[in-house]
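Below you'll find the structure, written out as structure tokens, and then a few comments.
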Ligand code: NAD
Ligand code: TDX
């Protein structure tokens with residue numbers, strides 16, 4: 001299989017590419033990534049010889065058309081992904097997430113007229129908006145879309161484009177909406193790596209608001225094994241929700257990080273809350289488990305978090321050069 005992976009130099013994409021090279025020697029991987037602040041060649045350094053890395057933009061119809069024409073399947077991860085950045089400047093989110101996905105869909109549509117191309121679109125549970133803290137409900141594939149932030153609104157728009165291209169043009173696409181990922185190679189702007197690297201650099205961890213907000217954590221390798229399962233066995237046109245029953249409030253995750261790193265449980269600062277901060281996300285992944293037989297391999301969150309802390313301890317050369325600039329930007333927003 002010739003597989004095009006957009007956003008393969010980002011957090012989830014790089015882990016996906018590395019796992020694919022490791023576990024599927026029959027797959028020839030091409031990565032298309034514009035190497036924004038969130039993309040890093042170093043995340044692919046030890047598989048560089050096994051893949052082709054093309055530095056290019058998903059809104060560039062020329063490069064996208066050429067690469068799609070050379071591929072049997074496309075897994076589309078590329079996006080602007082940080083909610084706080086979207087609140088500060090939504091323009092790149094509209095461009096990359098909406099126009100970028102449109103560009104990929106058009107390339108797949110045109111190529112499919114002469115040769116079938118399979119597309120998998122990677123999306124987020126944030127398209128469903130949020131749940132209250134005290135209800136038992138979880139998101140399912142029939143939960144109405146109700147995005148809160150500029151980020152989730154652009155991801156919702158991209159999902160709608162994919163669904164319309166399936167229905168109107170017969171594009172052979174699947175979609176997945178996953179909960180919060182954690183693991184190695186995640187940018188230090190995100191919650192878990194930010195706190196770990198704050199402690200490692202002698203800064204105090206930062207909690208938005210009271211920390212009552214709940215996220216449904218999944219290890220990045222479990223997200224990626226589910227993406228592979230959907231790509232190989234999923235029904236075209238279907239949406240699969242990906243989650244591993246990992247609901248935890250932010251304060252508990254903060255305290256677990258502090259304990260695992262040998263600090264006292266109150267050794268953090270409360271900072272300005274995020275505007276429009278979604279309260280709770282929770283995924284019901286029953287169809288993925290029952291219909292496709294998928295199971296997560298990293299059900300023990302504490303063990304996964306401990307390994308992630310070790311990874312950041314051992315890989316300061318990967319995150320060290322960008323850490324100060326990220327914290328300076330947060331400080332300017334009093335976060
Ligand atoms: P990331 O920000 O770490 O990486 C995104 C990658 O896309 C980067 O390498 C960046 O250079 C690239 N990119 C951005 N705009 C581009 C463009 N216009 N052209 C080419 N490349 C571009 O993101 P991530 O956390 O790895 O997320 C990957 C995907 O998974 C996204 O679609 C995101 O919405 C989705 N997702 C993420 C999570 C999560 O918890 N991180 C959860 C569910 C879904
Ligand atoms: O310093 C922080 N302190 C804090 O309390 C940061 C950076 C975040 N938070 C809170 C906000 C959220 O409730 O932690 C939670 C997680 O924050 P993020 O890591 O920014 O993730 P989130 O906003 O939940 O979105 C993530 O999961 C869904 C990804 O960034 C998205 O790309 C994905 O779609």
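In UniProt numbering, the protein residues as written are 1 to 335.
No residue lacks a Cβ here, since even glycine has one placed at the ideal position from N, Cα and C.
Just so you know, these numbers come straight off a predicted model, no measurement behind them.
C-beta contact flag for residue i and residue j at 8 Å
| i | j | result |
| --- | --- | --- |
| residue 103 | residue 64 | yes |
| residue 260 | residue 306 | yes |
| residue 242 | residue 177 | yes |
| residue 73 | residue 44 | no |
| residue 21 | residue 76 | no |
| residue 78 | residue 170 | no |
| residue 47 | residue 17 | yes |
| residue 96 | residue 30 | no |
| residue 248 | residue 274 | no |
| residue 236 | residue 173 | yes |
| residue 160 | residue 205 | no |
| residue 179 | residue 12 | no |
| residue 246 | residue 191 | no |
| residue 292 | residue 202 | no |
| residue 258 | residue 252 | no |
| residue 319 | residue 132 | no |
Residue-chain proximity (residue i, chain C), Cβ-Cβ < 8 Å
| i | result |
| --- | --- |
| residue 250 | Annotation note: the requested chain C is absent from the structure, which comprises a single protein chain. |
Member of the options whose CA lies at the smallest distance from the CA of residue i
| i | options | result |
| --- | --- | --- |
| residue 286 | 105, 25, 267, 226 | 226 |
| residue 157 | 328, 98, 206, 295 | 98 |
| residue 91 | 165, 149, 328 | 149 |
| residue 182 | 315, 327, 32, 304 | 304 |
| residue 325 | 159, 189, 334 | 189 |
| residue 19 | 223, 291, 159 | 223 |
| residue 152 | 87, 167, 106, 195 | 87 |
| residue 413 | 250, 37, 173 | No answer is possible for residue 413: it lies beyond the span of the chain, which begins at 1 and ends at 335. |
| residue 393 | 130, 144, 298 | No answer is possible for residue 393: the residues shown for the chain start at 1 and end at 335. |
| residue 50 | 179, 3, 82, 111 | 3 |
| residue 10 | 330, 191, 229, 185 | 185 |
| residue 167 | 145, 105, 127, 308 | 105 |
| residue 112 | 41, 333, 126, 68 | 68 |
| residue 127 | 145, 119, 220, 115 | 145 |
| residue 39 | 322, 279, 107, 327 | 322 |
| residue 221 | 200, 299, 120 | 299 |
| residue 231 | 193, 288, 62, 109 | 288 |
| residue 333 | 27, 108, 89, 125 | 89 |
| residue 125 | 281, 296, 327 | 281 |
| residue 120 | 228, 59, 308 | 228 |
Extent of the continuous alpha helix (DSSP H) run through residue i
| i | result |
| --- | --- |
| residue 158 | 150-169 |
| residue 33 | Premise fails: residue 33 lies in the beta strand (DSSP E), 28-33, not in any alpha helix (DSSP H). |
| residue 18 | 11-23 |
| residue 102 | 100-112 |
| residue 65 | 61-69 |
| residue 83 | 83-88 |
| residue 334 | From DSSP, residue 334 is part of no alpha helix (DSSP H); its letter is neither H nor E. |
| residue 144 | First-last for residue 144: undefined, no H or E at that position. |
| residue 198 | 191-200 |
Delimiting residues of the beta strand (DSSP E) encompassing residue i
| i | result |
| --- | --- |
| residue 122 | 118-124 |
| residue 53 | 52-55 |
| residue 176 | 172-178 |
| residue 2 | 2-6 |
| residue 187 | No beta strand (DSSP E) holds residue 187; DSSP gives it neither H nor E. |
| residue 76 | 73-76 |
Heavy atom of ligand 4 within 7 Å of residue i beta-carbon
| i | result |
| --- | --- |
| residue 7 | Within the structure as shown, ligand 4 is missing, the only ligands being ligand 1 and ligand 2. |
(request) Report the residue ranges of all alpha helix (DSSP H) runs contained in full by the region 204-272; include only those spanning at least 4 residues, in chain order. (result) 220-233, 250-260
(message) Whether or not the region 136-144 and the region 235-251 are in contact is what I'm after, with contact meaning three or more pairs of Cβ atoms, one per stretch, closer than 8 Å; do they touch?
(response) yes
(message) With a threshold of 8 Å, are at least 3 pairs of Cβ atoms found where one atom belongs to the region 262-281 and the other to the region 200-213?
(response) yes
(request) Scan the region 267-324 and note each continuous alpha helix (DSSP H) run of 4 residues or more that stays entirely inside, going in chain order. (result) 286-292, 301-314
(request) Take every Cβ of the region 53-61, pair it with every Cβ of the region 24-42, and state whether three or more of those distances are shorter than 8 Å. (result) yes
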